[in-house]
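**Q** The following block contains the structure, expressed as structure tokens.
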Amino acid sequence: MSAPFDTIAIVGLGLIGSSIARAVRQSLPNTRILGYDRNVNVCARAEAIGLCDAYLPAFGAELAEAQMVILCVPVGAMTAAAAAMAPHLSAHAIISDVGSCKASVLTALRGALPNAIIVPAHPVAGTENSGPEAGFASLFKGRWCILTPDADADAEACERVAAFWQALGANVERMDAAHHDLVLAVTSHLPHLIAYTIVGTASDLEGVTQSEVIKYSAGGFRDFTRIAASDPVMWRDVFLSNKDAVLEMLQRFSEDLSALQRAIRWDKGDELEELFTRTRTIRRSIIEQGQDDAKPDFGREHK
Ligand code: NAP
């Protein structure tokens, strides 16, 4: 199979941008990668790892060689990055991104690049780490990448972007941007908000010392701390950009939490057991569909 693109540009060489570069090196070795990051220090670190064919802190004439440009910057930085690259793009370039929210990013890209071919994407894969050193080539293998182009988007461009992600090992699905934001509000954004809250609450408790929180961070709490260690700038932008869907899901969550609170108060053990039985089957379905490891405790070693 021939590569979907001869030259691509990756803007933002952090966790996701550097993982794309690594995966392209591995799966599409003939594809040329122009790496951009406004941070010269990040460019130097990416160059030390040898991720791309060029490392550039600012856009210039070479950007016109890119057949696809993927914006891998925080959602709140998409408009600025798109506006900065606008004068240097080829008219035929496909503009894509990896932002965790899609409706706001699509609006931002359309505003900054009114005549561009835009095919937004969201690889539903990541970790709590940031920066070029955090990336790895297998990040997208077997994971979903959701494309959210407009209904009238260029069909060939959508197919090329889909072929690109499939070459990196991802499964591709197409979805309306607003629906994507609602689904991800439940599966990703709300869990992060809950984790940030629980870890924040524990660290604020007056009767429990910081050292006790860390020392006795058994099972449940420890797993929340992993999520709550996620990049502060990225997640600030996600909540501000997907405000409506997150607030809607938060409302539902608060109602369900109140119902649980009542069940505990009035000793309704059967209600608790019924819910916990239902949630256990969700975990099992995730494992059956190959979206997580079946090993207990995420395969951590217990020495
Ligand atoms: P990251 O590791 O923090 O990397 C982002 C990089 O973009 C940083 O090096 C940052 O430089 C650079 N940057 C910021 N503004 C820029 C601009 N205007 N022009 C050029 N470079 C700029 O973040 P990440 O985790 O890879 O996330 C990137 C995108 O992927 C976000 O939109 C996020 O929503 C999406 N995403 C993340 C995950 C995840 O789990 N992390 C999963 C799926 C999708 P500075 O150091 O100067 O800020």
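Residue 243 is where the sequence shown starts when you use my numbering, and the numbers rise one by one after that.
Here a beta-carbon is modelled for each residue, glycine too, at the ideal position from N, C-alpha and C.
These numbers were taken from a predicted model, which means no experiment stands behind them.
Please confirm whether any heavy atom of the ligand NAP lies closer than 7 Å to the CB of C387.
**A** Answer for C387: no, Cβ out of range of the ligand NAP.
**Q** Kindly give me the distance between the Cβ atoms of A288 and P374, rounded to whole angstroms, as I take these residues to be in contact under 8 Å.
**A** Their Cβ separation, rounded to whole angstroms, is 4 Å, which keeps A288 and P374 in contact under 8 Å.
**Q** My guess is that P365 and I524 are in contact by the Cβ rule of under 8 Å, so how many angstroms apart are they, rounded?
**A** Actually they do not touch by this definition, with Cβ atoms about 22 Å apart.
**Q** Please list the segments of the alpha helix (DSSP H) lying wholly inside the stretch 337-383, counting only runs of 4 or more residues, in order along the chain.
**A** Listed in chain order, the complete alpha helix (DSSP H) runs (minimum 4 residues) inside the stretch 337-383 are 345-354.
**Q** Thinking N484 and A427 are a contact (beta carbons under 8 Å), I'd like their distance in whole angstroms, please.
**A** The Cβ separation is near 6 Å, so the contact holds.
**Q** Measure the CB-CB distance between G377 and S260 and report whether it falls below 8 Å.
**A** In contact: G377 and S260 (Cβ atoms closer than 8 Å).
**Q** Quick one: Cα of R264 to Cα of E307, how far?
**A** Cα to Cα, R264 sits roughly 20 Å from E307.
**Q** State the beta-bridge partners of M327 as determined by DSSP.
**A** Paired residue(s): none; M327 is not in a bridge.
**Q** So does N484 have its beta carbon nearer than 7 Å to some heavy atom of the ligand NAP?
**A** N484 Cβ: outside cutoff for every heavy atom of the ligand NAP.
**Q** From S321 to R494, what distance separates their C-alpha atoms?
**A** Before going on, a small fix: residue 321 reads as Thr here, not Ser. Going by the C-alpha atoms only, they are around 31 Å apart.
**Q** Do you know how far the Cα of V284 is from the Cα of A471?
**A** Straight-line Cα distance between these residues: approximately 20 Å.
**Q** CB-CB under 6 Å to L381, same chain, minus the five flanking residues each way: which ones, in chain order?
**A** Cβ neighbours of L381 beyond the five flanking positions: S261, A367.
**Q** Any heavy atom of the ligand NAP closer than 7 Å to the Cβ of Y438?
**A** Y438: no, Cβ never under 7 Å from the ligand NAP.
**Q** If you compare alpha carbons, which of K344, D279, A404, P299 is closest to V315?
**A** Of K344, D279, A404, P299, the residue nearest in Cα terms is D279.
**Q** Assuming contact is defined by CB atoms lying nearer than 8 Å, are Q452 and S445 in contact in what I supplied?
**A** A contact, by the Cβ cut-off of 8 Å.
**Q** When every heavy atom of the ligand NAP is checked, does at least one fall within less than 7 Å of the C-beta of P391?
**A** No; taking the cut-off as 7 Å, the Cβ of P391 has no heavy atom of the ligand NAP nearer than that.
**Q** Taking 7 Å as the line, does the beta carbon of N272 fall inside it for any heavy atom of the ligand ATP?
**A** You won't find the ligand ATP in this model; what it holds is the ligand NAP.
**Q** Assess, as a yes-or-no matter, whether the stretch 288-307 is touched by the stretch 318-332 under the definition of 3 or more beta carbon pairs within less than 8 Å.
**A** Short answer: they touch.
**Q** For Q503, count neighbouring Cβ atoms within 10 angstroms of its own Cβ and tell me buried if that reaches 16, exposed if not.
**A** By the 10 Å Cβ count, Q503 comes out exposed.
**Q** Tell me the residue span of the beta strand (DSSP E) that contains R416.
**A** Unbroken beta strand (DSSP E) run through R416: 413-416.
**Q** So who's on the other strand from M310, going by DSSP bridges?
**A** According to DSSP, which records beta bridges pairwise, M310 is partnered with I250, I336.
**Q** What does a CB cutoff of less than 7 Å around M491 pick up in its chain, not counting 5 residues either side in sequence?
**A** So the list reads A427, V428, L432, once near-sequence residues are dropped.
**Q** Between which residues of its own chain and E415 is the CB-CB distance below 8 Å, once the five residues before and five after are set aside?
**A** Once the five neighbours on either side are set aside, the close Cβ partners of E415 are W386, C387, I388, L389.
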